[in-house]
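**Q**
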Amino acid sequence: MSAPAHASAHHAPSGFWRKYVFSLDHKVIGIQYYFLGLFSVFLGMSLSLLMRFHMVNPEAKVSWFAKLWPTAAAGGIMTPELYLSLMTMHGTIMVFFVLTTVPQSGFGNYFLPIQIGAEDMAFPVLNMMSFWTTFLALVVMVSAFFVQGGAPLAGWTAYPPLSGAGRITGPGEGMGQTLWIISIAIFCGASLMGAINFIATTVDLRCKGMKLMRMPLTCWTWLVTAILGLLGFAVLLAAGVLLILDRVAGSSFFLPSGLFISDQIIANHKGGSPLLWQHLFWFFGHPEVYIAILPGMGVTSHLLATFARKPIFGYKAMVYAVLAIGFLGFLVWGHHMFMSGMNPYSAMAFSVLTMCIGVPSAIKTFNWIGTLWGGKIHFTTAMMFALGFVSLFISGGLSGIFLGQPALDLYFHDTYFVVGHFHMIMGVAAIFGMFAGTFYWFPKMFGRMMNETLGKIHFYLTFLGVYGIFTPMHYVGIVGNPRRYSDFSNVEYLAGVIPVHQFMTYCAYVTVAAQIIFVVNLFWSIRKGPKAPVNPWNATSLEWTIPSPPPFDNFAGVHPVVYHGPYEYSVPGVERDFIMQTDAPNPVPAEG
Amino acid sequence: MGMAGSLTHESIQGPPPPPIEGGWGDGDGGNEGRGSSRRASFTGLWVLLAASTMVFAAFTSAMVVRRGLSDDWASTPKPPILFLNTAVLLLSSAALDMARRALKAGARERFNTWWTTGTVLGFLFLGGQTIAWLQLKDAGVFISTNPSSSFFYVLTACHAFHLLGGLCALLYVDVQALRLRLGPAKRTAIDISAIFWHFLDGLWLYLMVLFYVWG
């Protein structure tokens, strides 16, 4: 139980189960999270592909649709209900099991302890439980596809009454929706465990000299993300408990009286408030956006400095901006509810607070550009994805300013404008952060280098592809194309945008195909990539002081001591153009 | 090895570290090995308490909103046994603290007695809560009867769920104590479970006020 105070190497467990499955090692757990996310992202992407296919071919008869979904796609034609269930599961899997899981639990688990000079997370057993609980949540979520009625169709936001009134509201609203809520509740538990570990590790396990203001910005974003997760998922858990009680115990937290669904009066519920769910959900839901994007910001900051060979511009400003974004993130949930008939004064308050987030966001963007300015930029694949992140963050952020205005949001809210906005800023930007992290840290994680040529082809196709998919969505949204509809081929005023939809679908095909290049590169490099040196990028943080891949206890029993900040590049008068965090303080050379 | 900046003994055993500013966790080398240290355990506890507080804050705000929004709120009759339960829970907390004092004074046997008393009282509280639920059930008050009763059941069940976790911790310490295995590492477990238990105490008092004022 108690940790030894002296420096000695710890040995890895030798049994298969302890080493690879129920491992307590944060590095193994990080990789487990990564592959859980990789599976989930392909599942979620397949669902979106089906949706994009259906949107431009609503009449198509596909024989294997009928085999997969004998009732929901009888005769091979996708029903609107099936479309909605694909949409629900796409959003849910992507938000929870990809965007929440990989940047934080995957990379964070692997690199937070190493970057702060710790041997492991503070609570390794809790860490293992957190992963396997997440895994269980994923199993429960995916099982919703296979129960009677299929997957739920209330969207990833699960608004009642649709999500609360049971089977009568749609085929997936029976068992499928119940499993959805159970899965999310389990996921909340897993995220809370993870958050406790991340916070305790960052606060208490930093090595000698690793002051808070010497932590790499990645660690700062993981810390703030953990705090957001802690406060946000606790509220979602409470909301989920209430929602499931409405479904199975006959309570009326969210279900109002006088509901009339599918030609039937719902008599056993009264007095509940669907808006109450929206408040609770978005109190979690808006911080969730930052849970998805903050780690990407950290990775981007880290990489821009490394590959521009310059100190990050305004390190402290970056830290305070992350803290400000995290704090303000809890005050703006109402901007998701401008449509709900809220008091205009409340809407104005939420709107002003939302605009305030533009300030720290702009600080980050200017500082990224300031970091690049005049730098000797090394265009590695990792760097290009980090630059892509900046691009997507700006593009997606700008449309957010429009949506933050209540008057404009009333028009845009249920259109593709919103779909384009949140995919750019929350979806694709975060995914670019993950790609950047993958290409940057792969040598450390697997001891081999990834192929740069394949990486760049993958980058260009993906970058052009996602802009091709999501930029036109803003345009069709302005035209008034509603979202969540499975078929608008017979809508007169939308006839003109059908070719635009076809273009987006083609772009989606190209983008998805490009991801195969990534997967091939990933798995080929794990087995056959050239051996990675200790510090292939000439970077300064602690993970680049230890072998690739690192030994079981990271620092082989020695306790590193940190003397420098994390971004000491192009230091005048230094032989190499950088100073490692563990390098001896200038100018006295270490003896020996 | 020859790689730039690799971790060598020179860099580790080099000159002493620069002076370190104080404040909230300043990287002063508290990290002394794999796994949890006492300090990290306490941080983890405070963070856990923050999460639990958020869960109850969410329930409370839902209750306040639900009560204010509709006209179907009818106060739930509270079983009087709740007051007895409150006393039992407070006593169990007091017993745990007596145990901790005994341990500080080096009186291990007294520790065992007090800690066991606290644990038993904890179970008694849970039993009392079960009686309260049964009494409500016999009176025909179920979770779906009224929003007020819905919240009563949700909040008490959520509290009981936390309590079960707390009881596991108390029981663990008790078993270790009775087997005379209270090393220094177990002191952390003692302090953590006692603080968690006091938190559940405070939480219950808050819930009582909530039930009698707004329930």
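One line per chain: the protein sequences are A and B, in this order.
When we follow our numbering, the leftmost residue of the first sequence carries the number 1, and every step to the right adds one.
When we follow our numbering, the leftmost residue of the second sequence carries the number 1001, and every step to the right adds one.
Yeah, the Cβ is synthetic: ideal placement off N, Cα and C, and Gly gets one too.
1. Does the distance from the CB of B/Met1217 to the CB of A/Ala234 come in under 9 Å?
2. Compute the Euclidean distance between the alpha carbons of B/Leu1170 and A/Ala324, then round it to the nearest angstrom.
3. Is it buried or exposed for B/Phe1161, if we count other Cβ within 10 angstroms and need 16 for buried?
4. So is A/Cys219 buried or exposed if we call it buried at 16+ other beta carbons inside 10 Å?
5. I'd like the span of the alpha helix (DSSP H) that includes A/Leu454, first residue to last.
6. In chain order, which continuous runs of the alpha helix (DSSP H) of length 4 or greater are located wholly inside the region 1103-1179 of chain B?
7. Can a CB atom of chain B be found closer than 9 Å to the CB of A/Gly326?
8. Determine whether the beta carbon atoms of B/Ile1195 and B/Leu1045 lie at a separation below 9 Å.
9. Measuring CB to CB, does B/Asp1174 end up less than 9 Å from B/Trp1115?
10. Quick one: is B/Ser1075 near chain A, going by C-beta distance under 9 Å?
11. Pick from A/Gly209, A/Ile498, A/Leu303, A/Phe523: whose alpha carbon is nearest that of A/Gly375?
12. Would you tell me roughly how many angstroms separate the C-alpha atoms of A/Trp373 and A/Thr306, rounded to the nearest one?
13. To the nearest angstrom, how far is it from the Cα of A/Thr300 to the Cα of B/Leu1090?
14. At what residue ranges does the region 483-545 of chain A contain a whole run of the alpha helix (DSSP H), taking only runs of 4 or more?
15. Compare the Cα-Cα distances from B/Leu1178 to each of B/Pro1080, B/Leu1121, B/Thr1117, B/Gly1165 and report the closest residue.
16. Whose Cβ in chain A lies nearer than 8 Å to the Cβ of B/Ala1062?
17. Can you tell me which of A/His421, A/Val359, A/Phe459, A/Ser251 puts its alpha carbon nearest to the alpha carbon of A/Ala436?
18. Exposed or buried, A/Phe379, counting other C-beta atoms within 10 Å across all chains shown (16 or more means buried)?
19. Return the residue from the list A/Leu223, A/Ala195, A/Gly75 that minimises the CA-CA distance to A/Arg206.
20. Could you say if the region 484-504 of chain A and the region 566-576 of chain A meet the contact criterion of at least three C-beta pairs nearer than 8 Å?
21. Is the CB of B/Phe1196 under 9 Å away from at least one CB in chain A?
22. How many Å lie between A/Gly314 and A/Gly370 at the Cα?
23. For A/Ser546 and A/Phe555, what's the separation of their Cα atoms in angstroms?
24. Chain A beta carbons: is any one of them nearer than 9 Å to that of B/Thr1156?
25. When you compare each of B/Thr1156, B/Lys1104, B/Leu1126 to B/Leu1210 by their alpha carbons, which one comes out closest?
26. Looking only at its chain, what residues have a beta carbon closer than 7 Å to the beta carbon of A/Pro274, apart from the 5 residues adjacent to it on each side?
27. At the 9 Å Cβ level, is B/Ser1070 part of the contact set with chain A, yes or no?
28. First and last residue of the alpha helix (DSSP H) that includes A/Ile116?
29. Taking only beta-carbon atoms, is A/Phe97 less than 9 Å away from chain B?
30. Shortest alpha-carbon distance to A/Thr593 belongs to which of A/Asn521, A/Val519, A/Tyr563?
31. Is it a yes or a no for the region 207-216 of chain A touching the region 175-194 of chain A, going by three-plus beta-carbon pairs under 8 Å?
32. Go to A/Phe39, then tell me how far its alpha helix (DSSP H) extends in each direction, as first and last residue.
33. In the DSSP assignment, find the alpha helix (DSSP H) that holds A/Phe442 and state where it starts and stops.
34. Would a check of beta-carbon distances place B/Phe1059 closer than 9 Å to chain A?
35. Are the CB atoms of A/Gly427 and A/Leu99 nearer to each other than 9 Å?
36. Starting from the Cα of A/Thr92, find the closest Cα among A/Trp69, A/Gly155, A/Ile425 and give me that residue.
**A** Answer, in terms of the structure:
1. This structure leaves residue 1217 of chain B out entirely; chain B is present only between 1001 and 1215.
2. Each residue's alpha carbon lies about 40 Å from the other.
3. Classification of B/Phe1161: exposed, given that the 10 Å Cβ count is below 16.
4. Counting the other CB atoms within 10 Å of its CB gives A/Cys219 a total of 16 or more, which places it among the buried residues.
5. Taken as a continuous stretch (DSSP letters only), the alpha helix (DSSP H) holding A/Leu454 covers 452-479.
6. Segments of the alpha helix (DSSP H) lying fully in the region 1103-1179 of chain B: 1108-1138, 1147-1178.
7. Against chain B, the CB of A/Gly326 has no partner CB under 9 Å away; the residue lies outside that interface.
8. Yes; because the gap between Cβ atoms is below 9 Å, this pair is in contact.
9. Yes, these two residues count as a Cβ contact at 9 Å.
10. So no, B/Ser1075 is outside the interface.
11. The residue with the shortest Cα to Cα distance from A/Gly375 is A/Leu303.
12. Cα to Cα, A/Trp373 sits roughly 13 Å from A/Thr306.
13. Taking the straight line joining both Cα atoms gives about 51 Å.
14. Given a length threshold of 4 residues, each whole run of the alpha helix (DSSP H) inside the region 483-545 of chain A is given here in chain order: 498-528.
15. For the options B/Pro1080, B/Leu1121, B/Thr1117, B/Gly1165, the alpha carbon positioned closest to that of B/Leu1178 is the one of B/Thr1117.
16. In chain order: Ala238, Ala239, Leu242, Phe253, Leu276, Leu280.
17. If we check each option's Cα against that of A/Ala436, A/Phe459 comes out closest.
18. Exposed, since its Cβ has fewer than 16 Cβ neighbours within 10 Å.
19. Comparing Cα-Cα distances from A/Arg206 to each of A/Leu223, A/Ala195, A/Gly75, the minimum goes to A/Leu223.
20. In short, these stretches do not touch, since the Cβ pair count stays below three.
21. Closer than 9 Å to the CB of B/Phe1196 there is not a single CB belonging to chain A.
22. Taking the straight line from one Cα to the other gives about 9 Å.
23. At residue 546 of chain A the sequence reads Ile, which differs from the Ser that was named. Roughly 7 Å between the two C-alpha positions.
24. No, because no Cβ of chain A sits closer than 9 Å to the Cβ of B/Thr1156.
25. Comparing Cα-Cα distances from B/Leu1210 to each of B/Thr1156, B/Lys1104, B/Leu1126, the minimum goes to B/Thr1156.
26. Close CB contacts of A/Pro274 within its chain, under the 7 Å cut and outside five residues either way in sequence, are with Tyr159, Pro160, Pro161, Phe254, Pro256 (chain order).
27. Yes, B/Ser1070 lies at the interface with chain A (some Cβ there is under 9 Å from its Cβ).
28. From DSSP, A/Ile116 is part of no alpha helix (DSSP H); its letter is neither H nor E.
29. So no, A/Phe97 is outside the interface.
30. As displayed, chain A neither begins before 1 nor continues past 592, which places residue 593 of chain A out of reach and without an answer.
31. Three or more beta-carbon pairs separated by less than 8 Å are not found between the region 207-216 of chain A and the region 175-194 of chain A, which leaves the two stretches without contact.
32. 26-56 is the span of the alpha helix (DSSP H), which, as asked, contains A/Phe39.
33. 429-446 is the extent of the alpha helix (DSSP H) around A/Phe442.
34. It does; some Cβ of chain A falls within 9 Å.
35. With contacts defined as CB atoms closer than 9 Å, A/Gly427 and A/Leu99 qualify as a contacting pair.
36. Measuring C-alpha to C-alpha distances from A/Thr92 to each of A/Trp69, A/Gly155, A/Ile425 identifies A/Gly155 as the nearest.
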